[in-house]
Amino acid sequence: MKQKSIIRTITLGGLGLFTAITLFLSSSILLDLFGIREHQGNYVPLVIWSNFLCGWLYCLSLLGLFSHKKWSVVPLMVALFILMGAFMGLLIHILDGGLYEDKTITALFLRIILTLFFALGTYTVTKPRL
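Counting from 1 along the sequence shown, just add 73 to a position and that's the residue number in my numbering.
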């Protein structure tokens, strides 16, 4: 029981921080706030919109995890599929000769991995006891 509490705390903290960063950066790029859009260079709108949508899914998952709801892993799984779709879209964009930053590939890959870890942590905490 103590182990689940530790996993829940780490997942809540990590996902909360990740959610805040995701929503701040994607909103700042979409709305051109704080000059962040200029620093991003050749950003791919599909990736930014996917990140923005996933940020709200992370919020929903946080709400569920904080309330000990079993469904809290579902928004993370949806976010995972959205991010994998965005990764495929990014690859198509690159193959079509579209402009992009090299860091976009790395960032999207890391985002997929982090979302997977948060989903596993959330599932571990909310899965039914046998």
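In this text, a Cβ means the ideal position worked out from N, Cα and C, and glycines have one as well.
Nearest-angstrom Cα separation, counted from residue j out to residue i
i, j, result
"Ile80", "Gly170", "43 Å"
"Ser99", "Pro201", "35 Å"
"Leu135", "Gly194", "12 Å"
"Leu164", "Leu156", "12 Å"
"Thr199", "Leu103", "34 Å"
"Leu189", "Tyr131", "12 Å"
"Ala180", "Lys75", "33 Å"
"Met161", "Thr177", "13 Å"
"Ser140", "Leu168", "44 Å"
"Leu133", "Trp144", "10 Å"
"Ala93", "Thr82", "16 Å"
"Thr84", "Phe191", "6 Å"
"Ile186", "His112", "24 Å"
"Leu138", "Phe91", "15 Å"
"His166", "Leu172", "8 Å"
Cβ pair residue i, residue j closer than 8 Å
i, j, result
"Val146", "Tyr196", "yes"
"Glu174", "Gly114", "yes"
"Ala159", "Leu119", "yes"
Continuous alpha helix (DSSP H) assignments of at least 4 residues falling wholly in the segment 95 to 126: 109 to 113, all fully within the segment 95 to 126.
Validate contact between the segment 84 to 100 and the segment 111 to 126 using beta carbons, cut 8 Å, 3 pairs: Short answer: they touch.
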